[in-house]
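Visitor: Residue numbers (our numbering), protein chains in the order written: chain G, 14 to 233; chain R, 14 to 233.
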């Protein structure tokens with residue numbers, strides 16, 4: 014049983030009765046399997062209101078290089094699938110499901126109408142964008158200012174938090190794609206981490222051994 | 014004679030009479046000399062509405078490394094000096110005047126009040142943030158996906174457009190700070206550009222010789 018839009022939509026309480034009715038009528042519930050691309054380029058499929066699951070937003074270069082920008086979890090809203098709602102959003106973020114994800118799809122025309130009638134929705138949209146902007150700036154600061162060892166340590170800790178486990182089954186290739194670097198760089202750094210007793214490496218897996226050590230490294 | 018707020022504020026026409034009066038009363042006109050830091054960290058000095066001049070927004074690391082994120086020119090509004098208006102903007106942008114700049118300073122409490130009463134101001138703020146977000150993403154794509162020669166070519170062309178001149182009086186050190194790279198990297202690449210006939214180097218200056226060539230390089 015899907016949770017209704019009224020329970021997940023953040024400023025539901027502030028909406029007028031006709032706005033509520035309109036939103037409820039236009040939202041479509043969807044279950045997206047793991048590993049699906051939900052949004053690429055400037056498509057305008059609508060906003061995703063996530064009931065449960067995990068989406069990843071990333072930059073994708075013409076050569077297939079990637080950098081992970083943000084994760085969207087339960088209760089989050091994805092704005093980037095609607096560059097037609099905010100036309101000034103002139104960049105391409107690719108959105109994929111990292112886990113099976115249940116979501117409400119709000120058509121862009123419906124959200125656009127809400128933004129134009131409801132001050133609460135308009136201000137909520139500003140906050141939403143500011144949140145995503147801040148996350149992306151964090152990634153940028155990491156890329157520009159941090160050394161690769163600090164970034165890798167931060168990445169392992171974040172993955173561990175998302176998976177709620179000390180054991181990560183992720184390939185070096187995949188880590189490299191998240192970080193926008195080369196596989197060789199990741200492999201070399203993981204070997205170093207292993208020799209320092211921070212992680213234990215196995216075929217297709219990485220186990221966090223010294224969490225405190227990784228945290229110190231990530232702060233550098 | 015400063016141009017009044019009513020002539021520069023983007024959604025002035027949509028404001029109610031009391032909102033207009035309030036905005037006019039609270040805005041303060043200031044002339045900022047070249048080379049001044051207007052905003053650093055999470056200070057909350059208010060929004061800048063630029064009448065004329067040029068501001069630069071950049072990231073600054075603890076070690077003093079910089080990356081230029083955006084420029085603000087005549088008619089632009091700087092949101093980042095008001096992380097207290099949009100509390101979700103959780104990152105530090107430093108703002109400096111690259112030229113003498115005339116601006117209206119709108120106190121954050123005044124802007125906050127407008128955002129809460131005017132749907133047009135709320136939606137305008139979303140657009141403004143989306144524009145800045147897109148500019149920053151462009152920089153990020155450059156840093157992550159582009160080679161240093163393409164980035165340097167793009168930087169020289171942008172500077173030339175801002176200065177409206179083929180001759181740039183800028184040091185290699187300063188270019189390196191804009192790009193978040195080392196001076197040696199810039200010097201080496203400029204020498205290469207010079208040997209390819211793209212630019213002509215002199216003491217303290219760079220002249221663009223082959224604009225078309227730089228444009229092709231920047232596109233790569």
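Note that CB positions come from ideal geometry on N, CA and C, so glycine has one too. Values in this document were obtained by computation on a predicted structure and should not be read as measured data.
Please compile the residues from chain R whose C-beta is within a distance smaller than 7 angstroms of the C-beta of residue 193(G).
Guide: Per Cβ cutoff of 7 angstroms: 157.
Visitor: List, in order along the chain, the chain R residues whose C-beta lies closer than 8 angstroms to that of residue 151(G)?
Guide: Within chain R, the residues near residue 151(G) are 104.
Visitor: Over the uninterrupted alpha helix (DSSP H) stretch that includes residue 203(R), give me the two end residues.
Guide: Counting along the chain, the alpha helix (DSSP H) containing residue 203(R) begins and ends at 196-208.
Visitor: Output the distance between the C-alpha atoms of residue 67(G) and residue 192(G), rounded to the nearest integer angstrom.
Guide: Using only the alpha carbons, I get a separation of about 18 angstroms.
Visitor: Count Cβ pairs between the region 21-41 of chain G and the region 62-78 of chain G that sit closer than 8 angstroms; are there 3 or more?
Guide: With the cut-off at 8 angstroms, the region 21-41 of chain G and the region 62-78 of chain G touch.
Visitor: Helix, strand or coil for residue 34(G), going by three-state DSSP, please let me know.
Guide: Of the three classes helix, strand and coil, the one that applies to residue 34(G) here is helix, per DSSP.
Visitor: In terms of DSSP beta bridges, what is residue 69(R) paired with?
Guide: Answer by DSSP bridge pairing, in chain order: 84(R) and 109(R).
Visitor: Spell out the partners DSSP gives residue 41(R) in its beta bridges.
Guide: In the DSSP output, where bridge partners are listed per residue, residue 41(R) has 118(R).
Visitor: Ends of the alpha helix (DSSP H) at residue 133(G)?
Guide: From DSSP, the alpha helix (DSSP H) with residue 133(G) extends over 132-158.
Visitor: Go through its chain and collect everything with a Cβ distance to residue 207(R)'s Cβ below 6 angstroms, but skip five positions before and after it.
Guide: Only 214 meet the Cβ criterion.
Visitor: Would you say residue 144(R) reaches chain G, if we count a Cβ-Cβ gap shorter than 8 angstroms as a contact?
Guide: Cβ-Cβ to chain G under 8 angstroms: yes for residue 144(R).
Visitor: Under 8 angstroms, Cβ to Cβ, is there at least one residue of chain R near residue 229(G)?
Guide: Not closer than 8 angstroms to any Cβ of chain R, the Cβ of residue 229(G) fails to qualify, so no.
Visitor: Check each residue of the region 60-89 of chain R: if its Cβ is closer than 7 angstroms to any Cβ of chain G, include it; give the result in chain order.
Guide: Residues 72, 74, 78 and 80.
Visitor: Which same chain residues end up closer than 6 angstroms to residue 107(G) when comparing Cβ atoms and leaving out the 5 residues on each side of it in sequence?
Guide: Excluding residues within five positions, the ones whose Cβ falls inside 6 angstroms are 53, 71 and 73.
Visitor: Output yes if chain G places a C-beta closer than 8 angstroms to the C-beta of residue 140(R); else output no.
Guide: It does: the Cβ of residue 140(R) has a partner Cβ on chain G nearer than 8 angstroms.
Visitor: List, in order along the chain, the chain R residues whose C-beta lies closer than 8 angstroms to that of residue 32(G)?
Guide: By Cβ distance, chain R contributes nothing, its closest Cβ being about 13 angstroms from residue 32(G), past 8 angstroms.
Visitor: Counting beta carbon pairs with one atom in the region 175-192 of chain G and one in the region 213-231 of chain G, are three or more of them shorter than 8 angstroms?
Guide: Yes, the region 213-231 of chain G is in contact with the region 175-192 of chain G.
Visitor: Rank 47(R), 131(R), 189(R) and 160(R) by C-alpha distance to the C-alpha of residue 230(R) and give the top, closest one.
Guide: The option with the nearest alpha carbon to residue 230(R) is 160(R).
Visitor: Nearest by alpha-carbon distance to residue 44(R): which of 147(R), 130(R), 34(R) and 111(R) is it?
Guide: Closest by alpha carbon: 111(R).
Visitor: Assuming residue 8(G) is part of the beta strand (DSSP E), what are its boundary residues?
Guide: Because chain G is modelled from 14 through 233, residue 8(G) falls outside the range shown and cannot be assessed.
Visitor: For residue 160(R), which residues in chain G fall below 7 angstroms Cβ to Cβ?
Guide: Going along chain G, no residue has its Cβ under 7 angstroms from residue 160(R), so there is no contact; the nearest lies around 11 angstroms.
Visitor: Could you check whether the Cβ of residue 36(G) sits closer than 8 angstroms to any Cβ belonging to chain R?
Guide: Chain R, which has no Cβ nearer than 8 angstroms to the Cβ of residue 36(G), makes this no.
Visitor: Specify, as a first and last residue, the run of the beta strand (DSSP E) that residue 18(R) falls within.
Guide: Here residue 18(R) belongs to no beta strand (DSSP E); instead the alpha helix (DSSP H) covers 18-21.
Visitor: With DSSP as the reference, please indicate the residues paired to residue 104(G) in a beta bridge.
Guide: Paired residue(s): none; residue 104(G) is not in a bridge.
Visitor: Relative to the C-alpha of residue 123(G), which residue among 217(G), 185(G), 46(G) and 57(G) is closest?
Guide: Here the closest residue by C-alpha is 57(G).
Visitor: Taking a contact to mean a Cβ-Cβ separation below 8 angstroms, would you say residue 202(G) touches residue 165(G) in this structure?
Guide: Going by C-beta atoms, residue 202(G) is nearer than 8 angstroms to residue 165(G).
Visitor: So residue 113(R) and residue 204(R) are in contact, right, with Cβ under 8 angstroms, and what is the actual spacing, rounded?
Guide: No, residue 113(R) and residue 204(R) are not in contact; Cβ-Cβ is about 33 angstroms, not under 8 angstroms.
Visitor: Check the Cβ of residue 99(G) against every Cβ in chain R and list those closer than 8 angstroms, keeping chain order.
Guide: By Cβ distance, chain R contributes 139, 140 and 143.
Visitor: Under DSSP, the alpha helix (DSSP H) around residue 224(G) begins and ends at which residues?
Guide: Here the alpha helix (DSSP H) through residue 224(G) covers 224-232.
Visitor: Run down chain R in chain order and give the residues with a C-beta less than 7 angstroms from the C-beta of residue 135(G).
Guide: Within 7 angstroms Cβ-Cβ: 132, 135, 136 and 139.
Visitor: Can you list, in chain order, the residues of the region 102-128 of chain G whose Cβ is nearer than 7 angstroms to any Cβ on chain R?
Guide: Listed in sequence order: 102, 103, 104 and 128.
Visitor: Take residue 211(G) as the anchor and find which of 228(G), 199(G) and 76(G) has the nearest alpha-carbon.
Guide: Here the closest residue by C-alpha is 228(G).
Visitor: Compute the Euclidean distance between the alpha carbons of residue 27(G) and residue 174(R), then round it to the nearest angstrom.
Guide: One C-alpha to the other measures close to 47 angstroms.
Visitor: For residue 84(R), tell me which candidate among 199(R), 147(R) and 121(R) has the shortest Cα-Cα distance.
Guide: Measuring from the Cα of residue 84(R), the nearest candidate turns out to be 147(R).
Visitor: May I ask which residues mark the beginning and end of the beta strand (DSSP E) holding residue 51(G)?
Guide: Counting along the chain, the beta strand (DSSP E) containing residue 51(G) begins and ends at 50-52.
Visitor: Excluding five sequence neighbours on each side, which residues of the same chain lie with their C-beta closer than 6 angstroms to the C-beta of residue 50(R)?
Guide: Only 109 meet the Cβ criterion.
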